[in-house]
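These notes are about the structure you will find just below.
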Amino acid sequence: MNEYKVKGLTCANCTRELQEEINKLPSGESASLSYNTGKLKVDHSVDINKVKKILSSDGAFIEDGNDDHHDHQHQSGINWIALLSISALFYVAGFITENFLNEYIAIGMFLAATVLSGYQTFLKGLKNLSKFKFNIETLMTIALIGALGIGEWKEGALVAILFGLNEYLEGLGMQKARKSMEKLLEIAPKEATVIENNEERIVSISSLGVDHIVLVRAGEKIPSDGIVIEGKSSVNEAAITGEAMPVEKAINEPVFGGSINNEGILKIKITKAYEDSSLAKILHLVEEAQETKTPTELFINKFAKYYTPLIMIIAAFVMLIPPLLFDGSWGDWFYQGLAVLIVGCPCALVLSSPIAIVSGITKNARNGILIKGGVFLEQLGKVTTIAFDKTGTLTKGEPYVEDYIEYHPGFLQIAASIEKNSTHPIAKAIIKKAEGLSYLPVEELKTVTGSGLVAQIEGVTYFLGNESHMKAFTFQQNVMEQIKQYKERGMTIVILATDEDALGIMGISDEIREESINVIKNLHAAGIQHTVMLTGDHEKTAEKVAGKVGVKSYFASLLPDQKVAKIKELSNREKVAMVGDGINDAPALATADLGIAMGKGTDSAIETADIVLMQNHLGKLPNAIKSAKKVNSIIKLNIALALGLKLIALLLTIPGLLTLWIAILSDMGATILVTLISLTVLYEKK
Numbered sequence: 000m001n002e003y004k005v006k007g008l009t010c011a012n013c014t015r016e017l018q019e020e021i022n023k024l025p026s027g028e029s030a031s032l033s034y035n036t037g038k039l040k041v042d043h044s045v046d047i048n049k050v051k052k053i054l055s056s057d058g059a060f061i062e063d064g065n066d067d068h069h070d071h072q073h074q075s076g077i078n079w080i081a082l083l084s085i086s087a088l089f090y091v092a093g094f095i096t097e098n099f100l101n102e103y104i105a106i107g108m109f110l111a112a113t114v115l116s117g118y119q120t121f122l123k124g125l126k127n128l129s130k131f132k133f134n135i136e137t138l139m140t141i142a143l144i145g146a147l148g149i150g151e152w153k154e155g156a157l158v159a160i161l162f163g164l165n166e167y168l169e170g171l172g173m174q175k176a177r178k179s180m181e182k183l184l185e186i187a188p189k190e191a192t193v194i195e196n197n198e199e200r201i202v203s204i205s206s207l208g209v210d211h212i213v214l215v216r217a218g219e220k221i222p223s224d225g226i227v228i229e230g231k232s233s234v235n236e237a238a239i240t241g242e243a244m245p246v247e248k249a250i251n252e253p254v255f256g257g258s259i260n261n262e263g264i265l266k267i268k269i270t271k272a273y274e275d276s277s278l279a280k281i282l283h284l285v286e287e288a289q290e291t292k293t294p295t296e297l298f299i300n301k302f303a304k305y306y307t308p309l310i311m312i313i314a315a316f317v318m319l320i321p322p323l324l325f326d327g328s329w330g331d332w333f334y335q336g337l338a339v340l341i342v343g344c345p346c347a348l349v350l351s352s353p354i355a356i357v358s359g360i361t362k363n364a365r366n367g368i369l370i371k372g373g374v375f376l377e378q379l380g381k382v383t384t385i386a387f388d389k390t391g392t393l394t395k396g397e398p399y400v401e402d403y404i405e406y407h408p409g410f411l412q413i414a415a416s417i418e419k420n421s422t423h424p425i426a427k428a429i430i431k432k433a434e435g436l437s438y439l440p441v442e443e444l445k446t447v448t449g450s451g452l453v454a455q456i457e458g459v460t461y462f463l464g465n466e467s468h469m470k471a472f473t474f475q476q477n478v479m480e481q482i483k484q485y486k487e488r489g490m491t492i493v494i495l496a497t498d499e500d501a502l503g504i505m506g507i508s509d510e511i512r513e514e515s516i517n518v519i520k521n522l523h524a525a526g527i528q529h530t531v532m533l534t535g536d537h538e539k540t541a542e543k544v545a546g547k548v549g550v551k552s553y554f555a556s557l558l559p560d561q562k563v564a565k566i567k568e569l570s571n572r573e574k575v576a577m578v579g580d581g582i583n584d585a586p587a588l589a590t591a592d593l594g595i596a597m598g599k600g601t602d603s604a605i606e607t608a609d610i611v612l613m614q615n616h617l618g619k620l621p622n623a624i625k626s627a628k629k630v631n632s633i634i635k636l637n638i639a640l641a642l643g644l645k646l647i648a649l650l651l652t653i654p655g656l657l658t659l660w661i662a663i664l665s666d667m668g669a670t671i672l673v674t675l676i677s678l679t680v681l682y683e684k685k
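With the first letter of the sequence shown counted as 1, position 234 gets the number 233 in numbering that gives the first Met the number 0; the numbers rise by one all the way through.
Spelled out as structure tokens, the structure:
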């Protein structure tokens, strides 16, 4: 497929019609033209000159790399404003002369206003009429011919001016949504400083490969994902995660392309070519996200296709039935029929969804939340139940010492000395708890697989491990009580003992993330009715975590395939989103109505999930749901407004009160309202 940037698309409905024309060309079936992104994708074998011809029939064109077209686009923006202003002046002048001077001079003024603001629409409409293609331009052209034909000069001029203004504003709304999208895409780095044979040279980002060594100075962007091999600095990863807080980086730590080095100089070994980097994937996903049509949008497009011909039939009835059957005046009813045609323009209706959707996707992407398509944004606003994986999602996924009791003053120091060289997660938790204490020299150390360690320190033999490690010992009653109590609290037990008695006990558990409690509270506040925790951990641990974070229910001891079954069961009754950290949750994420993966982009998560939280926590999820709900309600409101205003205008034909300018105001009012309301999605309270 070849991809082109198309400028000058006038409206979503016209874009749909252009795509249908291109689809009729040989090999053109797969072509797509997106109003949201202004992108055209066509098969290599399609005759591009024919495509250009189809586009030019609606005033659109493929943008070349050079900038003269760009200026042309800019010009046309300025022209519209100038033309409309001059037309408006002529219109006002016509009004004044009509009353004070001569009617014919006034007609000249009105005509000048009509021609200036309406000639582009008029020419397009005539072309369409000759092809029997009925869209908004055709309808406007018929209305203009009709209005001037029956001597309604004033109304004809007003129709032309308001229509011009409408077209201009409609383009502006989409442009603003696209602009905010393009701004997001600008965060991609353009070049990198590569070090080869001790020499620095600047290369373009596309020629950067794996294992290249790059130098990143303070204030510069890191060109692609890699590992720090020299230097220390703090890095701003907002482009990837949406988090403004700087993250400290030292040797051997991973960095993301697109993040900014705050101070110091870093030498980085590139681990992914730019097009495989997290940032490139994110930007690619965000771009693709705008291309997908939501069910609502597909319905509207289908509706618009049948709706225009229907309006033309109604207009014909209005023109013919009253004069033929009820002795109505031909002139009056012909005029009413023209007004009906204008009411019929489907622009506001077709616009009710895309601007809001693009704005919603953009806003979330700025916050480091990747929504892979309008469909998923729409789904997110409809979710009633959220299922969470426990480990690494609601908890940190790493053990910590939650509580300990010492029967001997050197307990922590001895335990940490025995564990100091181990990389086992529980060992790390013990070492962290004993931070600041000095280590004792260990003379002998032996591991008993699955249960613990035996060590000798200053001639004394110590046993450190779980209960099964201590089978041979009988502890005092109070020690047994303590062990039982820790187990009831859902902790893993670690005991330190000599062959005489216990020196102390630790209760180890998976640390709950600080933000989990708030996130669950905010989700319930955002309208999520049911929160469920799924975990492979045993009942006691699950009960404890669920109680602490505040989820409404939990299921413990689940294997991965049981998680999938649980999600299926929940999905039968409600709209379910599954949130996981993506490594072992891929099957469950894929099964849920909506898969939400979190964590610093494990590739499998980014690929299987529909929504990816680029932060390493759930903090931004409630806001994403709020914005999705807002987008959904805005789309509903927009559809109601677009159809409601038209319906009111159409009902005015019954008493014969519909005038051309009411018709145009109902259409234009709807379009402007729909655009402005949609853009409120982008607005963020500071």
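Think of the CB as a built atom: it goes at the ideal place given N, C-alpha and C, for glycine as much as any other residue.
In the displayed model, residue 1 falls within a strand according to three-state DSSP. Burial check for residue 677: the Cβ neighbour count within 10 Å reaches 16 or more, so the residue is buried.
C-alpha of residue 648 to C-alpha of residue 145: approximately 19 angstroms in a straight line. Straight through space, the alpha carbons of residue 460 and residue 534 are spaced by roughly 38 angstroms.
In this structure, residue 207 lies near residue 269, with their beta-carbon atoms less than 8 angstroms apart. Distance from the Cα of residue 322 is smallest, within the candidate group 112, 588, 655, for 655.
With the rule of 3 Cβ pairs closer than 8 angstroms, the segment 362 to 373 does not count as touching the segment 634 to 646. By DSSP's assignment, residue 529 forms a beta bridge with 384. Counting of Cβ neighbours within 10 angstroms places residue 256 among the buried residues, the total reaching 16 or more. With respect to the C-alpha of residue 157, the residue from 95, 87, 221, 125 having the closest C-alpha is 87.
Contact between residue 377 and residue 631 holds, with the beta-carbon distance rounding to 6 angstroms and staying under 8 angstroms.
If you check the CB distance, residue 239 and residue 278 come in under 8 angstroms.
With fewer than 16 neighbouring CB atoms inside 10 Å of its own CB, residue 125 falls in the exposed class. With a 10 Å radius around the Cβ and a threshold of 16 neighbouring Cβ atoms, residue 468 comes out buried. Fewer than three pairs of CB atoms, one per stretch, sit closer than 8 angstroms, so the segment 334 to 351 makes no contact with the segment 559 to 574. Considering only 593, 260, 421, 396, the residue with the shortest C-alpha distance to residue 507 is 396. Residue 186: not part of any alpha helix (DSSP H); DSSP gives it neither H nor E. Per the C-alpha coordinates, the member of 151, 152, 119 positioned closest to residue 140 is 119. Here residue 652 has 317, 335, 338, 339 as same chain residues with Cβ atoms under 8 angstroms from its own Cβ, once five neighbours each way along the sequence are excluded. Here DSSP, grouped into helix, strand and coil, assigns residue 120 to helix. When DSSP states are grouped into helix, strand and coil, residue 556 belongs to the coil group.
Here DSSP, grouped into helix, strand and coil, assigns residue 402 to strand. Secondary structure note for residue 461: its beta strand (DSSP E) is the uninterrupted segment 459 to 464. Annotation: the continuous alpha helix (DSSP H) that includes residue 541 extends over 538 to 548. In this structure, DSSP gives residue 315 a helical state, which the three-state scheme calls helix. By the Cβ rule, the segment 384 to 396 counts as touching the segment 573 to 580, because three or more pairs are nearer than 8 angstroms.
About 18 angstroms separates the beta carbon of residue 233 from that of residue 222, a gap too long to meet the 8 angstroms contact definition. Closest option to residue 272, judged by alpha-carbon separation, among 324, 315, 311, 203: 203.
For residue 216, the three-state secondary structure derived from DSSP is coil.
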